[in-house]
Structures are given as structure tokens and as C-alpha cells.
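Student: Quick one: the structure is below, and I'll ask about it shortly.
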Amino acid sequence: MKQRWRQVQQLFDAARERPPAERRDFVQRTAGEDRALGEEVRSLLGAHDQAETFLEQPFCRLGPAGRQPEQLPASLPGVERYRLRRTLGHGGMGTVYLAERADRAYRGQVAVKVTRAELAGEDLARRFRRERQILARLEHPSIAKLLDGGTTEEGLPYLVMEYVEGEPIDRYCDRQGLGVEARL
Numbered sequence: 654m655k656q657r658w659r660q661v662q663q664l665f666d667a668a669r670e671r672p673p674a675e676r677r678d679f680v681q682r683t684a685g686e687d688r689a690l691g692e693e694v695r696s697l698l699g700a701h702d703q704a705e706t707f708l709e710q711p712f713c714r715l716g717p718a719g720r721q722p723e724q725l726p727a728s729l730p731g732v733e734r735y736r737l738r739r740t741l742g743h744g745g746m747g748t749v750y751l752a753e754r755a756d757r758a759y760r761g762q763v764a765v766k767v768t769r770a771e772l773a774g775e776d777l778a779r780r781f782r783r784e785r786q787i788l789a790r791l792e793h794p795s796i797a798k799l800l801d802g803g804t805t806e807e808g809l810p811y812l813v814m815e816y817v818e819g820e821p822i823d824r825y826c827d828r829q830g831l832g833v834e835a836r837l
């Protein structure tokens, strides 16, 4: 088993050194008649390329820093279960609102994150679905729980998360005078 993994790893590493357009042929040539080896390496290369694309490309170009949060909308069509109370923050992907369940089925406050309309599209929807999947699996006392999610009538993805009272992390770091390493 270890020997097989070494073969896969060596071929994978060698293929990554080549331009993407040449990798498939290189793997096929090098694996020869060992089809399982070739398939495993091609699968790993595909996952590797997809991960690089997802994580290394900027999501969007941010506007000027320090812009003011938008005014609280009267409602968010498609998110009627939640009554918005106030804007908590505004960032590169969207706006986060303090809200509560309108039907009183859930007591307490929640944070509703809604994406910006100008970012709407399939790429955003895919990224938001991925974020929802990741958040749904995370369980830790220091991570807010994902409670709900969906899409507004305009097609904007949203998340509903546990609201945690506290100071924003950037303000805390500034107030403590933390350097880069401490912030990370």
C-alpha cells in the first residue's frame, strides 16, 4: 500500500511540474498500462486544479475602504421568516443584519448574511453553497452555528447564523495593538 501511494505521489508531483495542457498525456504515457494509477493521478490533478482556482483567485474587487453600510431594507423578499433589526456590518461579499424570527418559532437574535446584488451569478451561488456546506459541518464553541440558509427572490444567497454579541475582531486587534503575527 505504501509503495502504491509513493507511485501515485511521484507521478502526481512530476505531472504538476508540467504545463496543465501537457499533464493528461504525460500521466497516460508514464502510467502506461496501469490504468488505475493513471486514473488516480488524473483525479488528484483535477482536485488540485479546482482547489487552486477556488482558493487562489480573488473573489471580487473591493470598493473603497470605509464605505458606509447600506440603509436597513424594509424586507428581504424570500427571507420573510426573519425580521431585520439593524445592520451589523458591510463587507466585500455583502451585508450582515441582526434579525429575529418573524414567526417566533425561534427565540433569540440571529445574524443574516446576504450577498451584494452586483456579485450575483453562478460563481457566487457556487461559493456560497460551498460556504454553507463547510459551516454546517463545523462544531466548536468558538464558531457561530449555521441555522438556516437559502436564496432571496432576487436570487441572492443568504446565511442565517447564531448571533454572538461581541466586539468585531478588527477593532479588538486595533484596541490591543496587536501586530501581524498576533492577529493571525
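Here my numbering runs 653 ahead of the position in the sequence shown, where the first position is 1.
Backbone N, C-alpha and C define an ideal beta-carbon position, used for all residues, glycine too.
In this text, all values refer to a predicted model and were calculated from it rather than measured experimentally.
1) Suppose the cutoff is 6 Å on Cβ atoms and the five residues either side in sequence are ignored; what does the same chain contact list for residue 693 look like?
2) Which residue or residues does DSSP assign as beta-bridge partners of residue 767?
3) Is the beta carbon of residue 737 less than 8 Å from the beta carbon of residue 749?
4) Considering only DSSP beta bridges, list what residue 803 is partnered with.
5) Can you tell me whether residue 684 is buried or exposed? The criterion is at least 16 other CB atoms within 10 Å of its CB, across all chains shown.
6) Where DSSP assigns a beta bridge to residue 743, which residues make up the other side?
7) What does a CB cutoff of less than 8 Å around residue 679 pick up in its chain, not counting 5 residues either side in sequence?
Tutor: This is what the structure holds:
1) 661
2) 748 and 811
3) no
4) 811
5) buried
6) According to DSSP, residue 743 bridges with 748.
7) 667, 668 and 671
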